[in-house]
Amino acid sequence: MADLYSSIEKVTRLTALVKGDMFALYDKYYDATSENLFLKDLSDKQWVVILRDKSGRLKG
């Protein structure tokens, strides 16, 4: 298994690109969802835990 690196990030500081990557990962594993629903749920949070591989790609 590849090494993953975690960070705790404030939702208000996430870029549109990161939010898009997060939704793409979420959409891959969950049915009956939409980007609007995902973004609404995300906006209700203050912090997120981000997992990245050593190249910086979002993995979780």
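Residues in the sequence shown are numbered consecutively from 1, following our numbering. The C-beta atom is built at its ideal place from N, Cα and C for all residues, glycine as well.
Can you give the beta carbon distance from lysine 45 to valine 11, rounded, assuming they're within the 8 Å contact cut?
Start at 1 with the first residue of the sequence shown, and residue 45 comes out as number 45. Start at 1 with the first residue of the sequence shown, and residue 11 comes out as number 11. With a Cβ gap of about 5 Å, lysine 45 and valine 11 count as contacting.
Where does arginine 13 sit, in a helix, a strand or coil, going by DSSP?
Taking the sequence shown and counting its residues from 1, one reaches residue 13 at position 13. Reduced to three states, the DSSP call for arginine 13 is helix.
Hey, would you say leucine 4 sits closer than 7 Å to leucine 51, going by beta carbons?
Position 4 of the sequence shown, counting from 1, holds the residue named residue 4. Position 51 of the sequence shown, counting from 1, holds the residue named residue 51. Taking 7 Å as the Cβ cut-off, leucine 4 and leucine 51 qualify as a contacting pair.
Which residues share a DSSP beta bridge with valine 49?
Mapped onto the sequence shown, residue 49 falls at position 49. Paired residues: Ile8.
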